[in-house]
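Residue numbers (this note's numbering): 3 to 114.
All C-beta atoms, glycine included, are put in the ideal place defined by N, C-alpha and C.
Quantities reported herein were computed from a predicted structural model and do not represent experimental measurements.
Put into structure tokens, the structure is as follows:
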């Protein structure tokens, strides 16, 4: 892999895709944070036990750590999605939500 890793201060578990931005606009981020603050969820344990490349149209594909969707993580994803909908934040819902942390983007693909 030739790509540079995403800086550690930017690593996060993606629950919902907010859009393609060089940086998330401050107003969208503020709305998303406000929406998230209105939901209640017990702590959710996540074990990222796979590494794979997501497919897509980009030349450089995301290399991610991923895991199976657990019941508790699914409930959190659904609650957050509903809160974001109420806040008026347009979401691109994926029927097959895959919890993941993006490590880098690269032209080479790693199969699951």
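- The closest CA to that of residue 70, considering only 44, 100, 59, 88, is found on 100.
- Under the DSSP assignment, residue 15 falls outside any beta strand (DSSP E); it carries neither an H nor an E label.
- Counting along the chain, the unbroken alpha helix (DSSP H) around residue 81 starts and ends at 73–88.
- Excluding its 5 nearest sequence neighbours in each direction, residue 62 has C-beta neighbours in its own chain below 8 Å: 5, 107, 108, 109, listed in chain order.
- Per DSSP, reduced to three states, the secondary structure at residue 31 is helical.
- Per DSSP, residue 112 is not a residue of any beta strand (DSSP E), being assigned neither H nor E.
- Inter-residue distance for residue 75 and residue 49 is about 11 Å (C-alpha atoms, whole angstroms).
- Closest in alpha carbon position to residue 17, among 112, 43, 113, 102, is 102.
- Here residue 64 is buried. Its C-beta has 16 or more other C-beta atoms within 10 Å.
- Where residue 55 is concerned, the enclosing beta strand (DSSP E) starts and stops at 52–55.
- With a beta-carbon spacing of about 19 Å, residue 94 and residue 55 fall beyond the 8 Å limit used to define contacts.
- In the three-state reduction of the DSSP assignment, residue 22 falls in the coil class.
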